[in-house]
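There are 2 protein chains.
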Amino acid sequence: MTRPPLRQLLAEARSGVLVFSITPPRRSATEERIKEIAEVTLDRLSALDLDGLILYDIDDESDRNPDDRPFPYLPTLDAARYYADHLTGWRQPVIVYRCVGKYPEDELREWMTRAGPEVLSVFVGASSGGKSVHTSLRRAHELRAEFRPDLPLGAVAIGERTDEHLRMLAKQDRGASFFVSQVVYHVNETKNLLSDYFYECRARGAEPRTVIFTLSLCGSLKTLEFVRWLGVDVPRWLENSIRHSADPLAESYRQCVAIARDLIDFCEHLGLPYGFNIESVSIRKAEIEASTDLAAEVAGMLRDRR
Amino acid sequence: MTRPPLRQLLAEARSGVLVFSITPPRRSATEERIKEIAEVTLDRLSALDLDGLILYDIDDESDRNPDDRPFPYLPTLDAARYYADHLTGWRQPVIVYRCVGKYPEDELREWMTRAGPEVLSVFVGASSGGKSVHTSLRRAHELRAEFRPDLPLGAVAIGERTDEHLRMLAKQDRGASFFVSQVVYHVNETKNLLSDYFYECRARGAEPRTVIFTLSLCGSLKTLEFVRWLGVDVPRWLENSIRHSADPLAESYRQCVAIARDLIDFCEHLGLPYGFNIESVSIRKAEIEASTDLAAEVAGMLRDRR
Chain A
124 MTRPPLRQLL AEARSGVLVF SITPPRRSAT EERIKEIAEV TLDRLSALDL
174 DGLILYDIDD ESDRNPDDRP FPYLPTLDAA RYYADHLTGW RQPVIVYRCV
224 GKYPEDELRE WMTRAGPEVL SVFVGASSGG KSVHTSLRRA HELRAEFRPD
274 LPLGAVAIGE RTDEHLRMLA KQDRGASFFV SQVVYHVNET KNLLSDYFYE
324 CRARGAEPRT VIFTLSLCGS LKTLEFVRWL GVDVPRWLEN SIRHSADPLA
374 ESYRQCVAIA RDLIDFCEHL GLPYGFNIES VSIRKAEIEA STDLAAEVAG
424 MLRDRR
Chain B
124 MTRPPLRQLL AEARSGVLVF SITPPRRSAT EERIKEIAEV TLDRLSALDL
174 DGLILYDIDD ESDRNPDDRP FPYLPTLDAA RYYADHLTGW RQPVIVYRCV
224 GKYPEDELRE WMTRAGPEVL SVFVGASSGG KSVHTSLRRA HELRAEFRPD
274 LPLGAVAIGE RTDEHLRMLA KQDRGASFFV SQVVYHVNET KNLLSDYFYE
324 CRARGAEPRT VIFTLSLCGS LKTLEFVRWL GVDVPRWLEN SIRHSADPLA
374 ESYRQCVAIA RDLIDFCEHL GLPYGFNIES VSIRKAEIEA STDLAAEVAG
424 MLRDRR
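Line by line, the protein sequences are chains A and B. The first sequence begins at 124 in this note's numbering and counts up by one. The second sequence begins at 124 in this note's numbering and counts up by one.
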């Protein structure tokens, strides 16, 4: 049986969605190098049973945290441009992220209007309240409603924020039809959010939308520090286990699988539609390969539920 | 193969220990009623593959929390007396709890000295720092070291307290050779404690001792409120699921099994010796039966690890 396309899976809020996410290459890379990266990426993704590909839109987020950024911010190619120019070999849907604050209204509107039928999007608001933006998240939602209401739109869900379930419902009212979580390391916080969201939907008579959980391998303590700098809640025991492990990547892999299993059980029992997003943002070969393995393993876990 | 006795399992810090815990009957019960309760208890425990029985020592703990106690405090029979007078049919070891602050030194010393070879104990300190006590926990440890150093002694481990791993190590230095946790509803907090304890042991070159996790079914929202009143950390999602469930007891059972599975995986991977204590403190028939079922199910999970 052929699996329905991502757009339909999300419209029908069906569980078991699996996507993979990548960051476009650095802007400083040569044209040749970019081509090479795109080819390698498509090659390793082709073997996976994915419903789509997420292309992140990177913002420097230096306003997020006064502490030093553990990794330098390196400008990357625009996701939409990278997709159009280099990923034509990708035959499945793409979810193009838009940090909407980066774009003047007309640029955002222009992009939306031109986006092909295989494109979905996730609009991301500013990383802090004080940041000056070209277009606010609310305004971006209005533009979509006016110019491209058929563009399937997602929103980010961040378990670390209080009342996030209310924000999710507000975004849902403004057109978001699915959610992609922040990287999940703290399952308990994620369960709190899901539970609050589910029962708030019930209280309002609203239909819960699919929540896609982002899993990201962490190959070193430095990566974990970066994740924390980004605002992700990391349990102490998890940090301890990475810190003391002789093979942090294998330890992290094991934890990601356990998190996936836990969230599948939780969502199935609650009756909340869910999916997974396997993130591959590292440029280290071992981490790239491990993320592909993780996607294959999660695909296996989802197989009889899709 | 015959399983070694509890004393030896704990001395050797072997994983897979399974005990069951009960509260002695109310002091107001008639002699006949007490006899009846003891018989029923022994009867339902005889079918279980237990390593021992915990007898709680109940303190009113009204100093713990200025809020109203959700259930009234009803004085119960002394655990040691209940055991001596009514549980002679129990052929396995017992762990008799002693809230040491309740007893004058000579009474505690007398009890220790007379305790038979099948008796182990857990000393519990005062429920708040401000409480006036007959014997402090530290003094109780000294008395045991002096008068009954061969009495296997445990201590409570409370995941909700900061630096609890340091307290555990201090108690270990004063003679405690195993730990029994507070009721576990918040696995994440428990993992934090276990992780801190494990790595602190490693840093000091100390041998980690067995941690016995207490699982307790919660048949109603009121019971959950009581648990919280006692200082137990209950995740919001777990409270939500009990609150919204048509069958809170079945929901709680499911969660206890999931907690057990999670902690087994965690401890096995870390290399920390562990066990379980299935608590049965309710007087409702359905909850009593469910706790016996839970003990049987956890015994099954431990079978190939014992």
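Even glycine gets a Cβ: it sits at the ideal position worked out from N, Cα and C.
{"query": "Local conformation of glutamate 402/B per DSSP, three classes", "result": "strand"}
{"query": "Rounded distance between the beta-carbons of glycine 277/B and leucine 243/B, thought under 8 Å", "result": "7 Å"}
{"query": "Interface residues of chain A facing histidine 367/B [CB-CB closer than 7 Å]", "result": "Tyr322"}
{"query": "Alanine 152/A versus Phe302/A, Glu402/A and Pro198/A, residue with shortest Cα-Cα distance", "result": "Pro198/A"}
{"query": "Residues near arginine 149/B in its chain [Cβ-Cβ closer than 6 Å; skip 5 each side]", "result": "Leu197 and Thr199"}
{"query": "Euclidean distance between Cα positions of glutamate 265/A and leucine 361/B", "result": "37 Å"}
{"query": "Contact set between serine 318/A and chain B, taken where Cβ atoms lie within less than 8 Å", "result": "Arg359, Trp360, Asn363 and Ser364"}
{"query": "Identity of the residue in Val279/B, Ala268/B and Gly239/B nearest alanine 249/B by Cα", "result": "Val279/B"}
{"query": "Residue burial classification, lysine 345/A (beta-carbon count within 10 angstroms, cutoff 16)", "result": "exposed"}
{"query": "Backbone secondary structure at glycine 224/B - three-state DSSP", "result": "helix"}
{"query": "Distance, alanine 381/B Cα to glycine 342/B Cα", "result": "17 Å"}
{"query": "Cutoff 8 Å: asparagine 400/A Cβ touching any chain B Cβ", "result": "no"}
{"query": "Cβ neighbour criterion (16 or more within 10 Å) applied to arginine 221/A", "result": "buried"}
{"query": "Proximal residues of chain B, C-beta to C-beta of lysine 408/A below 7 Å", "result": "None at all; the shortest Cβ gap to chain B is about 26 Å."}
{"query": "Burial state of aspartate 201/B (16 or more Cβ within 10 Å)", "result": "buried"}
{"query": "Threonine 153/B, DSSP secondary structure in three states", "result": "coil"}
{"query": "Sheet register partners of leucine 144/B (DSSP bridge)", "result": "The sequence shown places serine at residue 144/B, rather than the leucine named in the question. Looking at the DSSP assignment, serine 144/B forms a beta bridge with Ile177/B and Glu402/B."}
{"query": "Assigned exposure category for glycine 282/B - 16 Cβ within 10 Å defines buried", "result": "buried"}
{"query": "Cutoff 8 Å; reference valine 217/A; Cβ partners in own chain excluding five residues on either side", "result": "Gly175, Leu176, Ile177, Leu178, Tyr206, Leu210, Glu241, Val242 and Leu243"}
{"query": "Glutamine 378/B classed as buried or exposed, judged by whether at least 16 other C-beta atoms fall within 10 angstroms", "result": "buried"}
{"query": "Cα-Cα separation, asparagine 315/A to histidine 367/A", "result": "28 Å"}
{"query": "Distance, alanine 293/A Cα to leucine 132/A Cα", "result": "22 Å"}
{"query": "Same chain, Cβ closer than 8 Å to leucine 165/B, five either side skipped, listed in chain order", "result": "Leu210, Gly212 and Trp213"}
{"query": "Residues bridged to alanine 280/B [DSSP beta-bridge criterion]", "result": "Ser304/B"}
{"query": "Reference arginine 192/B, options Ile181/B, Leu353/B and Asp388/B, closest by Cα", "result": "Leu353/B"}
{"query": "Inter-residue spacing [alpha-carbon to alpha-carbon] between histidine 392/B and glutamate 230/A", "result": "52 Å"}
{"query": "Threonine 313/A - containing alpha helix (DSSP H), residue span", "result": "310–327"}
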